[in-house]
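Peer 1:
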Amino acid sequence: MEHVEQLPTVETAKKLGILPEEFEQIKQILGRTPNFTELSIFSVMWSEHCSYKNSIVWLKTLPRDSDRMLAKAGEENAGLVDIGDGLACSFKIESHNHPSALEPYQGAATGVGGINRDIFTMGARPIAQLNSLRFGDPKLAKTKWLVKGVVKGIGDYGNAFGIPTVGGEVFFDECYNTNPLVNAFSAGIVEAGKVAKAISYGVGNPVFIVGSATGKDGIGGASFASEDISEKSTEKLPAVQVGDPFMEKLLLEATLEIIETGYVVGIQDMGAAGIICSTSEMSAKGEHGMIIDLDKVPTRQTNMKGWEILLSESQERMLVVVEKGKEDDIKQIFDKWDLHCAQIGEVVEGGSLHFFQHGELIADVPAHDLVLGGGAPQYRREYREPAYYQEFKKFDLNSVSDVKGEEIGKVAKHLLSHPNIASKKWVYEQYDSTVGTANRTTNRPSDAGVVRIRDVKRPHYQKSIAMTVDCNARYVNADPFIGAQIAVAEAARNLVCTGAEPLAVTNNLNFGNPYVPEVYWQFVNAVQGMGKACLKFNTPVTGGNVSFYNQSSDDGPVFPTPTIGMIGLIEKPENQTSLDFKNEGDLICLVGQSQNDIASSEYLYSYRGVKASPAPAFDLDEEYSLQVAINQLIEKQLVKSVHDVSDGGLFVTLAESALPNGVGFDVATMEGYRKDAFLFGESQSRVVVSVSPDKQAEFQKVLGGELKTVHALLGKVTSGGFVVDGQEVISTAEAKDLYDNSLGRLMS
Amino acid sequence: MKFGVVVFPGSNCDDDTVYTLRVNLGQEVVKLWHKDHDLQGCDFVILPGGFSYGDYLRTGAIARFSPIMNEVIAHANRGGYVMGICNGFQIVAEAGLVPGVLLRNSSQRYICRNIYLNPQSKSTILTGGLDRSAYKIPIAHGDGRYFADEDTLKSLNDNDQVLFRYCDENGLITEAANPNGSLENIAGVTNAGKNVFGMMPHPERASDPALGNADGRFILEQLLAVTA
Numbered sequence: 001m002e003h004v005e006q007l008p009t010v011e012t013a014k015k016l017g018i019l020p021e022e023f024e025q026i027k028q029i030l031g032r033t034p035n036f037t038e039l040s041i042f043s044v045m046w047s048e049h050c051s052y053k054n055s056i057v058w059l060k061t062l063p064r065d066s067d068r069m070l071a072k073a074g075e076e077n078a079g080l081v082d083i084g085d086g087l088a089c090s091f092k093i094e095s096h097n098h099p100s101a102l103e104p105y106q107g108a109a110t111g112v113g114g115i116n117r118d119i120f121t122m123g124a125r126p127i128a129q130l131n132s133l134r135f136g137d138p139k140l141a142k143t144k145w146l147v148k149g150v151v152k153g154i155g156d157y158g159n160a161f162g163i164p165t166v167g168g169e170v171f172f173d174e175c176y177n178t179n180p181l182v183n184a185f186s187a188g189i190v191e192a193g194k195v196a197k198a199i200s201y202g203v204g205n206p207v208f209i210v211g212s213a214t215g216k217d218g219i220g221g222a223s224f225a226s227e228d229i230s231e232k233s234t235e236k237l238p239a240v241q242v243g244d245p246f247m248e249k250l251l252l253e254a255t256l257e258i259i260e261t262g263y264v265v266g267i268q269d270m271g272a273a274g275i276i277c278s279t280s281e282m283s284a285k286g287e288h289g290m291i292i293d294l295d296k297v298p299t300r301q302t303n304m305k306g307w308e309i310l311l312s313e314s315q316e317r318m319l320v321v322v323e324k325g326k327e328d329d330i331k332q333i334f335d336k337w338d339l340h341c342a343q344i345g346e347v348v349e350g351g352s353l354h355f356f357q358h359g360e361l362i363a364d365v366p367a368h369d370l371v372l373g374g375g376a377p378q379y380r381r382e383y384r385e386p387a388y389y390q391e392f393k394k395f396d397l398n399s400v401s402d403v404k405g406e407e408i409g410k411v412a413k414h415l416l417s418h419p420n421i422a423s424k425k426w427v428y429e430q431y432d433s434t435v436g437t438a439n440r441t442t443n444r445p446s447d448a449g450v451v452r453i454r455d456v457k458r459p460h461y462q463k464s465i466a467m468t469v470d471c472n473a474r475y476v477n478a479d480p481f482i483g484a485q486i487a488v489a490e491a492a493r494n495l496v497c498t499g500a501e502p503l504a505v506t507n508n509l510n511f512g513n514p515y516v517p518e519v520y521w522q523f524v525n526a527v528q529g530m531g532k533a534c535l536k537f538n539t540p541v542t543g544g545n546v547s548f549y550n551q552s553s554d555d556g557p558v559f560p561t562p563t564i565g566m567i568g569l570i571e572k573p574e575n576q577t578s579l580d581f582k583n584e585g586d587l588i589c590l591v592g593q594s595q596n597d598i599a600s601s602e603y604l605y606s607y608r609g610v611k612a613s614p615a616p617a618f619d620l621d622e623e624y625s626l627q628v629a630i631n632q633l634i635e636k637q638l639v640k641s642v643h644d645v646s647d648g649g650l651f652v653t654l655a656e657s658a659l660p661n662g663v664g665f666d667v668a669t670m671e672g673y674r675k676d677a678f679l680f681g682e683s684q685s686r687v688v689v690s691v692s693p694d695k696q697a698e699f700q701k702v703l704g705g706e707l708k709t710v711h712a713l714l715g716k717v718t719s720g721g722f723v724v725d726g727q728e729v730i731s732t733a734e735a736k737d738l739y740d741n742s743l744g745r746l747m748s
Numbered sequence: 001m002k003f004g005v006v007v008f009p010g011s012n013c014d015d016d017t018v019y020t021l022r023v024n025l026g027q028e029v030v031k032l033w034h035k036d037h038d039l040q041g042c043d044f045v046i047l048p049g050g051f052s053y054g055d056y057l058r059t060g061a062i063a064r065f066s067p068i069m070n071e072v073i074a075h076a077n078r079g080g081y082v083m084g085i086c087n088g089f090q091i092v093a094e095a096g097l098v099p100g101v102l103l104r105n106s107s108q109r110y111i112c113r114n115i116y117l118n119p120q121s122k123s124t125i126l127t128g129g130l131d132r133s134a135y136k137i138p139i140a141h142g143d144g145r146y147f148a149d150e151d152t153l154k155s156l157n158d159n160d161q162v163l164f165r166y167c168d169e170n171g172l173i174t175e176a177a178n179p180n181g182s183l184e185n186i187a188g189v190t191n192a193g194k195n196v197f198g199m200m201p202h203p204e205r206a207s208d209p210a211l212g213n214a215d216g217r218f219i220l221e222q223l224l225a226v227t228a
């Protein structure tokens with residue numbers, strides 16, 4: 001131990017983000033005052049980002065099990081779901097919000113890199129990526145800079161890495177002006193018996209660091225993600241990592257090859273908090289220690305300090321523990337791929353991590369005490385209902401006049417060209433969606449992404465994974481408990497409408513500062529709502545990520561945004577259902593109950609300018625019944641298209657079904673509803689289907705029988721023009737132009 | 001016939017190409033590693049899409065100097081068949097096996113979407129037998145704008161060396177149907193010997209009925225007419 005060094009004080013601890021009581025706790029754990037290196041270790045491992053200290057108590061209340069779960073939340077780098085035939089799907093979502101706010105290109109790129117490593121470190125080959133993005137007012141120059149940077153970052157990294165991006169969402173609201181949200185999702189497939197674990201054991205087993213060299217980039221990134229964004233944040237630019245997708249691609253191939261040898265004891269990617277995080281988490285889980293010589297870590301710069309090497313978040317690195325005697329087998333594989341592979345230490349008895357540099361022991365810390373589920377602190381924060389919550393509930397429908405006559409066309413045009421509704425083509429065409437020859441939605445647009453499991457060893461294999469990311473944060477803001485239920489329900493609905501059985505959830509909980517009681521109230525209620533809905537749909541939460549401190553001094557907290565990533569299984573290819581109207585003369589039916597409700601709709605918010613209203617009408621049991629009914633219709637092959645009613649309401653749903661094939665529709669509104677509510681309201685649990693006239697009788701028999709599902713015939717598919725109550729609201733060509741090109745025009 | 005698919009570090013369509021040739025077209029196919037010096041007796045070499053060596057310098061600029069490329073170039077010079085798709089096209093262009101270069105897309109953005117191809121040359125094995133006016137095939141590239149100087153362009157046209165031009169769904173070659181600003185809507189070309197093919201669009205991504213579009217299979221099946 002370097003006793004010449006001045007030992008840190010509680011003041012130093014504070015500067016590193018450690019609370020005085022945490023500093024005391026560290027002294028007790030070590031039985032002495034930590035040196036600066038050790039204190040730095042605790043500061044990152046006990047940061048919000050690594051320890052989930054302000055969220056874990058609530059996260060544990062979420063449903064985590066079903067008979068398909070092979071790894072429960074927190075057990076591995078990502079969730080693992082049994083899909084039959086000896087295969088498992090590993091999937092996860094993760095945020096890179098704070099880096100993207102400062103350096104959108106690298107922030108988003110490394111977010112994509114990080115989430116893919118979480119998947120392939122388990123031995124799973126990634127098959128698809130999705131992303132969920134939130135930006136501020138799209139008219140602001142800063143927002144455009146962020147959008148372009150983030151999209152290019154995701155594209156350049158994901159495209160080179162070579163895994164298709166098959167879905168996602170983009171939403172704009174001024175609450176995200178300072179704090180954009182960048183959530184990246186990845187899913188992979190692994191043979192169930194070949195899953196690699198993030199564990200370390202076996203005294204004498206060598207510890208390798210593989211992949212890129214370690215540099216000074218991203219030092220303290222985990223701590224940086226654990227505080228509010230301020231003007232000073234731009235001084236933290238070195239805390240943003242730099243990505244190299246080429247290196248990641250090589251690392252993917254080499255990693256899968258070494259796992260295939262069977263000689264790997266444990267492996268974990270290096271994400272937040274770098275070497276210290278991987279060594280401590282793997283050791284704590286395996287109940288062993290490690291001796292690590294930091295001089296052996298390949299570095300990009302000379303004279304890096306011990307704590308810099310330990311905390312560096314340089315990308316495209318893995319920590320691997322290998323069976324003793326198999327060192328050469330592993331090295332050969334990394335040589336083949338021209339990657340660094342350096343033995344930096346070995347597994348030892350006891351639970352401590354001993355780090356040496358220049359022959360001296362510079363840190364000696366117990367692994368268990370550093371990690372979540374071990375000694376890392378867990379807090380129950382104070383929470384308080386914010387004043388706006390009750391205010392929003394006072395919204396009176398009668399204070400808004402209904403639309404009539406030509407105004408319907410005006411609202412239609414407003415919505416179809418609104419960046420939250422219009423096609424995100426300008427964004428997703430910058431992502432490679434067809435690499436992998438597995439995307440089954442390229443030529444069949446649908447509510448969720450669908451990727452077939454393609455394996456040269458299993459030619460013509462039939463099963464596909466459907467996946468979606470969803471969260472209407474405006475609803476969650478209006479009512480976190482209901483809004484989070486809707487996010488889960490919408491994700492499940494998107495899968496069901498595509499013909500899939502929902503299986504499991506990964507969540508990305510994006511919130512403001514947890515020390516603000518009103519923000520924490522949003523968090524607590526959202527988690528509870530999410531738990532309730534996940535239980536109902538039998539979709540356990542397999543893991544995910546919490547991102548607090550999405551808050552700035554100017555703009556306050558972002559909308560509470562608990563993004564739901566959900567996967568589902570399509571066993572029979574013929575059940576995959578697309579959203580586009582196919583043939584002129586097909587009947588258009590609305591399945592589900594309409595409501596006199598415009599609360600929190602895009603129409604109310606941006607057309608009428610009313611920002612204070614509750615979440616839209618929603619009943620969890622009704623939603624569940626609706627999804628059962630849709631599933632029945634698909635199983636019985638009674639519907640030619642299925643598309644759920646979501647943002648923008650029924651009219652937008654009809655438009656989105658008509659546009660892919662350039663057709664039109666002729667529909668009538670129903671008696672007893674305001675026109676705006678019927679056409680543009682966003683009350684939940686409604687789905688638009690098209691039915692061939694010769695299937696009408698059977699269709700009605702199925703819904704009218706035991707299911708007793710509310711449904712109505714709205715009209716029929718036509719050759720062109722969007723007609724409501726006998727009036728053409730907009731031509732198909734104009735609608736297509738507005739819908740397809742509005743976002744691109746806004747960004748140019 | 002035996003196909004070889006070259007794997008450079010950073011190739012990411014190698015497995016797609018292998019799967020398509022083996023499973024969808026029922027062909028014998030092996031992977032050829034970039035460090036190797038042997039084509040393993042392959043009759044037809046395919047350079048797949050991806051970002052070879054990261055493409056940090058210029059697309060295809062490093063790959064052309066890899067050991068396997070010496071063999072590929074020798075194979076081509078002997079009259080052997082070689083096809084470069086996407087990044088593979090960029091590599092054969094860099095290696096001088098086909099005329100012209102691929103520049104940054106005119107939009108300055110990466111583009112991934114379905115486009116339509118109109119087959120042009122009547123004198124190549126790849127396109128001579130294609131009888132439809134429009135084939136729906138995906139593109140996915142940032143640097144796909146075909147360019148050649150006037151003399152080269154003239155000789156390409158005079159010698160029937162243009163394989164495909166971008167067109168609309170009815171086969172009309174229009175400016176609006178050109179996704180990346182390529183000269184004269186050129187999407188693919190062949191060399192004077194008509195044994196080396198380069199094209200930006202990905203027929204292997206549209207060769208399986210499971211994907212809802214098998215137009216690419218018609219194109220790849222033309223290659224099977226070659227007898228070893």
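Chains Y and A supply the protein sequences, listed in that same order. Note that the first sequence covers residues 1 to 748 in the UniProt record's numbering. Note that the second sequence covers residues 1 to 228 in the UniProt record's numbering. In this text, a Cβ means the ideal position worked out from N, Cα and C, and glycines have one as well.
Between A210 of chain A and chain Y, is there a C-beta pair that is closer than 9 Å?
Peer 2: Within the second sequence, numbered from 1, the residue matching residue 210 of chain A stands at position 210. Yes, its Cβ sits closer than 9 Å to a Cβ of chain Y.
Peer 1: Closer than 8 Å by C-beta to S107 of chain A: which residues in its own chain qualify, once you throw out the five before and the five after it? Chain order, please.
Peer 2: Working through the second sequence from its first residue, we reach residue 107 of chain A at position 107. Excluding positions up to five away in sequence, the list reads N180 and G181.
Peer 1: Put A228 of chain A into one of helix, strand or coil per three-state DSSP.
Peer 2: What you label residue 228 of chain A is simply residue 228 of the second sequence in a count that begins at 1. Annotation note: pLDDT 46 at A228 of chain A (below 50); position unreliable, coordinate value reported separately. A228 of chain A falls in the coil class under three-state DSSP.
Peer 1: Taking F246 of chain Y as the reference, which of Y:G345, Y:I421 and Y:G113 has the closest Cα?
Peer 2: In the first sequence, counting from the first residue as 1, residue 246 of chain Y sits at position 246. The candidate whose alpha carbon is nearest that of F246 of chain Y is Y:G113.
Peer 1: Would you mind sorting A124 of chain Y into buried or exposed? The rule is 16 or more other CB atoms within 10 Å of its CB.
Peer 2: Residue 124 of chain Y sits at position 124 when you count from the first residue of the first sequence. A124 of chain Y comes out buried.
Peer 1: Quick check on the DSSP output: the beta strand (DSSP E) that includes I93 of chain Y runs from which residue to which?
Peer 2: Position 93 of the first sequence holds residue 93 of chain Y. First-last of the beta strand (DSSP E) with I93 of chain Y: L87 to S95.
Peer 1: Between which two residues does the beta strand (DSSP E) carrying M467 of chain Y extend?
Peer 2: As a first step, residue 467 of chain Y must be located in the first sequence, where it is residue number 467. Segment S464 to D470, the beta strand (DSSP E) holding M467 of chain Y.
Peer 1: How many angstroms separate the CA atom of L211 of chain A from the CA atom of K640 of chain Y?
Peer 2: What you label residue 211 of chain A is simply residue 211 of the second sequence in a count that begins at 1. What you label residue 640 of chain Y is simply residue 640 of the first sequence in a count that begins at 1. Distance between the alpha carbons of L211 of chain A and K640 of chain Y: 18 Å.
Peer 1: Taking the continuous beta strand (DSSP E) assigned at V365 of chain Y, which residues delimit it?
Peer 2: Your numbering for residue 365 of chain Y matches position 365 in the first sequence. It spans E360 to P366 - the beta strand (DSSP E) in which V365 of chain Y sits, taken as one unbroken run.
Peer 1: Does the beta-carbon of residue 760 of chain Y have 16 or more other beta-carbons within 10 angstroms, so that it is buried, or is it exposed?
Peer 2: This structure cannot speak to residue 760 of chain Y, because chain Y is shown only from 1 to 748.
Peer 1: Less than 9 Å between the C-beta atoms of T110 of chain Y and D432 of chain Y, yes or no?
Peer 2: The residue you call residue 110 of chain Y lines up with position 110 of the first sequence. The residue you call residue 432 of chain Y lines up with position 432 of the first sequence. No, they are not a contact pair.
Peer 1: How many Å lie between S401 of chain Y and N116 of chain Y at the Cα?
Peer 2: On the first sequence, residue 401 of chain Y is found 401 positions in, with the first residue counted as 1. On the first sequence, residue 116 of chain Y is found 116 positions in, with the first residue counted as 1. S401 of chain Y and N116 of chain Y: Cα-Cα distance of roughly 49 Å.
Peer 1: Of the residues that make up the stretch 429–440 of chain Y, which ones have a beta carbon closer than 9 Å to any beta carbon in chain A?
Peer 2: Against chain A - using a Cβ distance shorter than 9 Å - the residues of the stretch 429–440 of chain Y are E429, Q430, Y431, D432, S433, T434, V435, G436, T437, A438, N439 and R440.
Peer 1: Between the C-alpha atoms of S132 of chain Y and Q161 of chain A, what's the straight-line distance to the nearest angstrom?
Peer 2: Here residue 132 of chain Y refers to the residue found at position 132 when the first sequence is read from its first residue. Here residue 161 of chain A refers to the residue found at position 161 when the second sequence is read from its first residue. In a straight line, the C-alpha of S132 of chain Y is about 45 Å away from that of Q161 of chain A.
Peer 1: Taking DSSP as the reference, what is the three-state secondary structure of F355 of chain Y?
Peer 2: In the first sequence, counting from the first residue as 1, residue 355 of chain Y sits at position 355. In this structure, F355 of chain Y counts as strand in the three-state DSSP scheme.
Peer 1: Could you pull out every residue in the same chain whose Cβ sits closer than 7 Å to the Cβ of L659 of chain Y, ignoring the five residues on either side in sequence?
Peer 2: Translated into positions along the first sequence, residue 659 of chain Y becomes position 659. Cβ neighbours of L659 of chain Y beyond the five flanking positions: A735, K736 and Y739.
Peer 1: The alpha helix (DSSP H) that contains N131 of chain Y, what's its start and end?
Peer 2: In the first sequence, counting from the first residue as 1, residue 131 of chain Y sits at position 131. It is not in any alpha helix (DSSP H) - N131 of chain Y instead sits in the beta strand (DSSP E) that spans R125 to F135.
Peer 1: So which residues on chain Y does P138 of chain A lean against when the C-beta distance must stay under 8 Å?
Peer 2: Counting from one through the second sequence, the residue named residue 138 of chain A turns up at place 138. The contacting residues are T434 and T442.
Peer 1: With DSSP as the reference, please indicate the residues paired to H711 of chain Y in a beta bridge.
Peer 2: On the first sequence, residue 711 of chain Y is found 711 positions in, with the first residue counted as 1. H711 of chain Y is bridged to Y:V591.
Peer 1: Within 9 Å of any Cβ in chain A, is that where the Cβ of H368 of chain Y sits?
Peer 2: Taking the first sequence and counting its residues from 1, the one referred to as residue 368 of chain Y is at position 368. It does not; no Cβ of chain A falls within 9 Å.
Peer 1: Give every residue of the same chain whose Cβ lies closer than 8 Å to the Cβ of I18 of chain Y, excluding the five residues on either side of it in the sequence, and list them in chain order.
Peer 2: Working through the first sequence from its first residue, we reach residue 18 of chain Y at position 18. Excluding sequence neighbours, I18 of chain Y sits near I26, L39, F42, S43 and W46.
Peer 1: Excluding the five sequence neighbours on either side, which residues of its own chain have a C-beta within less than 8 Å of the C-beta of L620 of chain Y, listed in chain order?
Peer 2: Residue mapping note: residue 620 of chain Y aligns to position 620 of the first sequence, counting from 1. Q485, A489, K532, A533 and K536.
Peer 1: Contact defined as beta carbons within less than 8 Å: I believe A466 of chain Y pairs with V476 of chain Y. What is the distance between those atoms, to the nearest angstrom?
Peer 2: The sequence position of residue 466 of chain Y within the first sequence is 466, counting from 1. The sequence position of residue 476 of chain Y within the first sequence is 476, counting from 1. 23 Å between Cβ atoms; not a contact.
Peer 1: For I111 of chain A, go through chain Y and note every residue whose CB falls closer than 8 Å to its CB, in chain order.
Peer 2: Along the second sequence, one-based indexing puts residue 111 of chain A at 111. In chain order: E429 and Q430.
Peer 1: Could you give the first and the last residue of the continuous beta strand (DSSP E) run that contains T441 of chain Y?
Peer 2: For the purposes of this step, residue 441 of chain Y is taken as residue 441 along the first sequence, with counting starting at 1. Segment: none, T441 of chain Y is in no beta strand (DSSP E) and carries neither H nor E.
Peer 1: Hey, does H37 of chain A have any beta-carbon neighbour from chain Y nearer than 9 Å?
Peer 2: The sequence position of residue 37 of chain A within the second sequence is 37, counting from 1. Closer than 9 Å: no.
Peer 1: In chain order, what residues of the same chain have a beta carbon less than 7 Å from the beta carbon of E169 of chain A, not counting five sequence neighbours either side?
Peer 2: Here residue 169 of chain A refers to the residue found at position 169 of the second sequence. Closer than 7 Å at Cβ, skipping near neighbours: Y116 and A134.
Peer 1: Please identify the residue among Y:L679, Y:Q576, Y:D479 and Y:M270 whose C-alpha is closest to the C-alpha of I634 of chain Y.
Peer 2: Walking along the first sequence from the start, residue 634 of chain Y turns up at place 634. If we check each option's Cα against that of I634 of chain Y, Y:Q576 comes out closest.
Peer 1: Which parts of the UniProt domain "PurM-like C-terminal" (203–353) of chain Y are runs of the alpha helix (DSSP H), unbroken and 4 residues or longer, counting only runs that do not cross its ends?
Peer 2: Runs found: 221–224, 245–261, 274–286, 306–311 and 327–336.
Peer 1: From what residue to what residue does the beta strand (DSSP E) around R686 of chain Y run?
Peer 2: Translated into the one-based positions of the first sequence, residue 686 of chain Y becomes position 686. Looking at the DSSP string, R686 of chain Y is not in any beta strand (DSSP E), and its letter there is neither H nor E.
Peer 1: Does L57 of chain A pass the burial test, meaning 16 or more other C-beta atoms within 10 Å, or should it be called exposed?
Peer 2: Here the question's residue 57 of chain A lines up with position 57 in the second sequence. The residue in question, L57 of chain A, is exposed, as its Cβ has fewer than 16 Cβ neighbours within 10 Å.
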